[in-house]
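Residue numbers for the sequence shown follow the working numbering, so the first one is -9 and each next one is one higher.
Working notes for the structure below.
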Amino acid sequence: MSEPVWRAPGVQVYGDVRFGQGVTLWPNCVMRAEVDYVAVGDYTNIQDFSMLHIGGVPTIIGAYCSITHHATIHGARIGDHCLIGINATVMDGAHIGDNCIVAGNSIIREGTVIPDNSIVAGVPAKVVGTRNNYVANKMNAIAYFKNGQAYARGEHRLWADSDYQQEMAQLKTQLESEIA
């Protein structure tokens, strides 16, 4: 278990919450685990106002995921390289496969299983497309990791830096070659 790279003021963590390496926690996110546990995988970011809670089972989030602003994950399992969109809700017992995108404002109902490489949207959410989202989702997670490192140094404009942008363009080329 590691300490987050960046933990913004206002983050609230209660109970058995486990962090992989490179995790970033953004303003006002809340994580509670009174009976089971919450596990946040390596290089995953939990963005502003997100809420992670148990729901009769642990909440487990894979590596290189982005849980975006105002998302709620409640007793669910999220695979590696996933992006959970703004204000999306993933309910008890749901399982999101690897390399998935859950569109903003979607609601994944209890017990729903989403296959790898899916794009889901709606209320209730359904698979609306299939695509390997590995590169885009991993890029987003790495961007938040690097931004978290910058925030920890007191730098709040990393993403505007031309050297950073060039570094990320090179990383994208590298990641694309991994799946080619």
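For glycine and all other residues, C-beta sits at the position ideal for the given N, C-alpha and C.
- In this structure, H85 is the residue among H85, V103 and L15 with its C-alpha nearest to the C-alpha of P48.
- Three or more beta-carbon pairs separated by less than 8 Å are not found between the region 135 to 151 and the region 107 to 119, which leaves the two stretches without contact.
- Annotated three-state conformation of E145 is coil, per DSSP.
- Scanning its chain for C-beta atoms nearer than 8 Å, with the 5 sequence neighbours on each side dropped, one finds around D82 the residues G45, G46, V47, H64, G65, A66, E100 and G101, in chain order.
- When D70, R22 and A61 are compared, the shortest CA-CA separation from N107 is found for D70.
- In chain order, G87 place their CB closer than 6 Å to the CB of P105, counting only its own chain and leaving out the 5 sequence neighbours on each side.
- Note on N122: under 16 other CB atoms within 10 angstroms of its CB, so exposed under the neighbour-count rule.
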